[in-house]
Amino acid sequence: MSSTLDTPTAAAPADGPGGSPQRRARRGLPGGGLLIGAVVPVLLLALWWLVTEVTGTFTAIQLPAPQAVLSAGVGLFESGDLFEHMGISLQRVLIGFGIGAGLGLALGSLLGLSAIADKLLNPTVGAFRAVPSLAWVPLLLLWVGIGEDSKVILIAIGAFFPVFTAIHSALRHVDAQLVEAGRAFGFHGLRLLGTVQLPAVVPSVFSGLRLGLAQAWLFLVAAELLAAAEGLGFLLTESQNNGRTDRLLLAIVLLALLGKLTDTLLGVLERKALKTWA
Amino acid sequence: MISPASTLTATSAAAPAEASSAPPETAAPSRRDYTSLDVELSGVGRAFGSRTVLRDVSLRVAPGEVLAILGSSGCGKSTLLRAVGGLDTGNTGEILINGSPVQRYDERTAVGFQEPRLLPWRSIHKNVSLGLPRSLSKAEGRERVDELLKLVGLHDRASLRPREISGGMAQRASLARALARRPGVLLLDEPFGALDALTRLKMQDLLLDVHAQTGTTVLLVTHDVDEALQLADRVLLLGPDLAEPHPAEGATIARLISVPGQRPRDRASAELAALRGELFSGLGVDSHSH
Numbered sequence: 001m002s003s004t005l006d007t008p009t010a011a012a013p014a015d016g017p018g019g020s021p022q023r024r025a026r027r028g029l030p031g032g033g034l035l036i037g038a039v040v041p042v043l044l045l046a047l048w049w050l051v052t053e054v055t056g057t058f059t060a061i062q063l064p065a066p067q068a069v070l071s072a073g074v075g076l077f078e079s080g081d082l083f084e085h086m087g088i089s090l091q092r093v094l095i096g097f098g099i100g101a102g103l104g105l106a107l108g109s110l111l112g113l114s115a116i117a118d119k120l121l122n123p124t125v126g127a128f129r130a131v132p133s134l135a136w137v138p139l140l141l142l143w144v145g146i147g148e149d150s151k152v153i154l155i156a157i158g159a160f161f162p163v164f165t166a167i168h169s170a171l172r173h174v175d176a177q178l179v180e181a182g183r184a185f186g187f188h189g190l191r192l193l194g195t196v197q198l199p200a201v202v203p204s205v206f207s208g209l210r211l212g213l214a215q216a217w218l219f220l221v222a223a224e225l226l227a228a229a230e231g232l233g234f235l236l237t238e239s240q241n242n243g244r245t246d247r248l249l250l251a252i253v254l255l256a257l258l259g260k261l262t263d264t265l266l267g268v269l270e271r272k273a274l275k276t277w278a
Numbered sequence: 001m002i003s004p005a006s007t008l009t010a011t012s013a014a015a016p017a018e019a020s021s022a023p024p025e026t027a028a029p030s031r032r033d034y035t036s037l038d039v040e041l042s043g044v045g046r047a048f049g050s051r052t053v054l055r056d057v058s059l060r061v062a063p064g065e066v067l068a069i070l071g072s073s074g075c076g077k078s079t080l081l082r083a084v085g086g087l088d089t090g091n092t093g094e095i096l097i098n099g100s101p102v103q104r105y106d107e108r109t110a111v112g113f114q115e116p117r118l119l120p121w122r123s124i125h126k127n128v129s130l131g132l133p134r135s136l137s138k139a140e141g142r143e144r145v146d147e148l149l150k151l152v153g154l155h156d157r158a159s160l161r162p163r164e165i166s167g168g169m170a171q172r173a174s175l176a177r178a179l180a181r182r183p184g185v186l187l188l189d190e191p192f193g194a195l196d197a198l199t200r201l202k203m204q205d206l207l208l209d210v211h212a213q214t215g216t217t218v219l220l221v222t223h224d225v226d227e228a229l230q231l232a233d234r235v236l237l238l239g240p241d242l243a244e245p246h247p248a249e250g251a252t253i254a255r256l257i258s259v260p261g262q263r264p265r266d267r268a269s270a271e272l273a274a275l276r277g278e279l280f281s282g283l284g285v286d287s288h289s290h
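Top line first, the protein sequences correspond to chains L and S.
Under full-length UniProt numbering, the first residue of the first sequence is numbered 1, with each subsequent residue one higher.
Under full-length UniProt numbering, the first residue of the second sequence is numbered 1, with each subsequent residue one higher.
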């Protein structure tokens with residue numbers, strides 16, 4: 001009997017996971033995507049070198065040559081300041097992001113799962129979200145002072161809302177039919193959460209986390225521009241004040257690199273999670 | 001709605017004979033492992049707000065019986081089924097399974113939904129094991145799922161994800177999941193409604209096969225008259241009570257018909273054709289048979 005059943009459906013898996021042969025074809029050129037992606041940056045670098053070193057269109061104050069930026073980096077590296085600036089900025093982002101994302105996950109889960117908590121708290125959270133986050137800066141400086149705490153809090157505020165919004169709305173939109181099926185087979189409470197609801201929102205949670213991380217870097221620079229004695233944001237203002245455009249550009253490049261690096265690490269985690277859950 | 005299925009019976013009359021000739025060659029769970037329970041409905045009704053959907057449904061379903069619940073769309077078929085499974089608890093009257101009232105999400109029942117409702121991130125094997133009772137050990141559970149996947153012909157797809165199999169296979173996985181707790185009453189809510197006509201016929205044969213092996217009581221909601229006649233011991237037609245001069249709002253038992261003959265039945269038999277005509281007219285559809 002079972003063999004007769006297989007006949008109509010045997011062809012289906014071939015067109016079911018239809019994406020995979022295409023994906024394999026796209027992967028046919030190992031590193032091909034990387035090479036193509038490098039074309040524009042290399043061209044930009046060449047153009048930069050051309051208008052500074054070769055034609056001299058810009059002065060060193062306006063736009064220093066690539067080599068000057070590199071040697072500024074080497075100089076800061078030798079004095080030990082480079083890793084100090086990078087380290088403290090990375091530390092602030094990681095702590096702030098950890099706190100903000102953690103609170104976002106917790107509060108987003110609570111409001112996403114409990115209709116009562118949602119009715120009670122969502123208007124308040126919505127009101128706070130409506131405040132442009134940088135508007136908190138003067139209040140933070142007044143209340144917490146210029147130390148590490150105010151910076152970390154500001155970064156946490158920045159990371160909180162994207163994560164909160166992502167998990168909150170994802171949980172509210174988990175397929176009600178799947179949840180009912182889970183209940184019908186005897187799942188409820190935490191078991192239902194772990195079996196049906198949380199896995200269902202994993203993709204949205206990760207996109208929320210990545211947005212939150214980008215926000216964390218944004219708010220780091222804001223915090224360090226305003227009041228700091230070290231960090232990449234501080235390096236930006238200090239270099240501006242001293243007319244060290246080479247260091248200024250270096251700080252921008254380092255921010256881009258660190259931002260990209262942390263996002264890539266999160267992306268690796270995301271791919272692993274999606275492999276398991278989606 | 002109904003005409004495509006009825007035209008199909010003519011072309012597919014040969015199919016069941018061929019399908020049933022081969023004896024099921026699965027490592028079948030012995031029939032003793034399954035219990036079949038009786039379901040007793042007395043004065044069951046359901047209203048949503050001020051709108052009465054069901055009223056005064058009283059009927060006893062014997063252990064091991066297959067009852068098809070037929071009715072036009074929106075007449076409360078699914079509502080009745082959900083009440084028996086404890087998915088919906090707002091009904092009036094009394095529903096007893098094996099003599100005791102239905103509990104919320106009653107463990108003695110299992111539901112096969114119209115959609116497969118498989119978790120997309122889990123393999124077929126793990127989806128089926130979702131239906132296992134908690135009391136089972138891991139090894140026992142794995143063994144039972146393997147058994148069920150063989151029964152529904154999916155043992156070689158166990159590691160695939162739901163999106164990698166066809167709709168018919170997904171529905172078979174859903175059936176296996178419902179059987180995993182060895183329910184005393186299997187509740188099927190238009191389980192084959194979304195499948196193409198050919199797959200639907202094969203699924204009907206599979207269901208007969210499963211029923212022959214498990215003996216479980218089955219309540220099957222369908223809008224397909226031929227499906228009901230092919231599968232059921234009795235057909236319950238829900239609709240307005242035509243015996244009343246001014247039928248009240250809400251569907252009730254319009255007809256309760258015993259279907260003659262052993263399963264699998266000849267889809268082209270004259271006896272069934274007469275019943276088909278009767279059911280169609282009960283549904284308010286001209287059967288075009290004369």
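For glycine and all other residues, C-beta sits at the position ideal for the given N, C-alpha and C.
In this text, all values refer to a predicted model and were calculated from it rather than measured experimentally.
Contact set between residue i and chain L, taken where Cβ atoms lie within less than 9 Å
i	result
residue 85 (chain S)	184
residue 119 (chain S)	178, 181, 182, 195, 196, 199 and 200
residue 134 (chain S)	186
residue 141 (chain S)	Under the 9 Å cutoff, chain L gives no residues; its nearest Cβ is about 13 Å from residue 141 (chain S).
As assigned by DSSP and simplified to three states, the class of residue i
i	result
residue 259 (chain S)	coil
residue 70 (chain L)	helix
residue 201 (chain S)	helix
residue 216 (chain S)	coil
residue 60 (chain S)	strand
residue 95 (chain S)	strand
residue 63 (chain L)	coil
residue 55 (chain L)	coil
residue 264 (chain L)	helix
CA-to-CA distance, residue j to residue i, given in whole angstroms
i	j	result
residue 50 (chain S)	residue 163 (chain L)	42 Å
residue 147 (chain L)	residue 178 (chain L)	48 Å
residue 176 (chain L)	residue 277 (chain S)	38 Å
residue 155 (chain S)	residue 270 (chain L)	31 Å
residue 127 (chain L)	residue 159 (chain L)	17 Å
residue 275 (chain S)	residue 208 (chain S)	20 Å
residue 136 (chain S)	residue 147 (chain S)	14 Å
residue 61 (chain S)	residue 268 (chain L)	56 Å
residue 200 (chain L)	residue 173 (chain L)	10 Å
residue 50 (chain L)	residue 222 (chain L)	32 Å
residue 2 (chain S)	residue 33 (chain L)	For residue 2 (chain S), the predicted structure reports a pLDDT of 41, less than 50, and the residue's modelled location is therefore unreliable. A value from the coordinates is still provided. Cα to Cα, the separation comes out at about 53 Å.
residue 101 (chain S)	residue 197 (chain L)	30 Å
residue 87 (chain L)	residue 212 (chain L)	20 Å
residue 270 (chain S)	residue 141 (chain S)	45 Å
residue 122 (chain S)	residue 257 (chain L)	37 Å
residue 212 (chain S)	residue 103 (chain S)	27 Å
residue 69 (chain S)	residue 185 (chain L)	23 Å
residue 72 (chain L)	residue 155 (chain L)	28 Å
residue 249 (chain S)	residue 240 (chain S)	7 Å
residue 26 (chain S)	residue 145 (chain S)	Low confidence applies to residue 26 (chain S): its pLDDT is 45, below 50, so where it sits in the model is not reliable enough to give any reading.
residue 261 (chain L)	residue 274 (chain L)	20 Å
residue 153 (chain S)	residue 214 (chain S)	16 Å
residue 323 (chain L)	residue 83 (chain L)	Residue numbering for chain L in the displayed model covers 1 to 278; residue 323 (chain L) lies beyond these limits and cannot be assessed.
residue 261 (chain S)	residue 196 (chain S)	27 Å
Under 7 Å from the C-beta of residue i: neighbouring residues of chain L
i	result
residue 111 (chain S)	184
residue 105 (chain S)	183, 184 and 186
residue 115 (chain S)	177
residue 130 (chain S)	185
Under 7 Å from the C-beta of residue i: neighbouring residues of chain S
i	result
residue 277 (chain L)	121
Cross-chain neighbours of residue i in chain L, by beta carbon under 8 Å
i	result
residue 238 (chain S)	Within chain L, no residue comes near residue 238 (chain S); the closest Cβ sits about 22 Å away, beyond 8 Å.
residue 90 (chain S)	Here the premise fails: no neighbours, minimum Cβ distance about 15 Å.
For this session: At 3 residues or longer, and completely inside the stretch 103 to 177 of chain S: list those beta strand (DSSP E) runs for me, N to C.
Result: 109 to 112
For this session: Scan the stretch 80 to 144 of chain L and note each continuous alpha helix (DSSP H) run of 4 residues or more that stays entirely inside, going in chain order.
Result: 81 to 113, 115 to 130 and 137 to 144
For this session: Tell me, please, whether the stretch 224 to 242 of chain S touches the stretch 162 to 173 of chain S by the rule of three or more beta-carbon pairs shorter than 8 Å.
Result: no
Exercise. Quick one: any contact between the stretch 189 to 200 of chain S and the stretch 202 to 215 of chain L, if contact means 3 or more CB pairs under 8 Å?
Worked result: no
Exercise. Can we say the stretch 53 to 62 of chain S touches the stretch 248 to 255 of chain S, given the rule of at least three CB pairs closer than 8 Å?
Worked result: yes
Problem set entry | Inter-stretch contact (C-beta, 8 Å, three-pair minimum) for the stretch 180 to 198 of chain L and the stretch 218 to 237 of chain L | no
Exercise. Using 8 Å as the threshold, is the stretch 84 to 94 of chain S in touch with the stretch 41 to 48 of chain S, meaning 3 or more CB pairs across them?
Worked result: yes
For this session: Determine, using beta-carbon pairs with one atom in the stretch 209 to 222 of chain S and one in the stretch 180 to 190 of chain S, whether at least three such pairs fall under 8 Å.
Result: yes
For this session: Could you say if the stretch 237 to 248 of chain L and the stretch 135 to 142 of chain L meet the contact criterion of at least three C-beta pairs nearer than 8 Å?
Result: no
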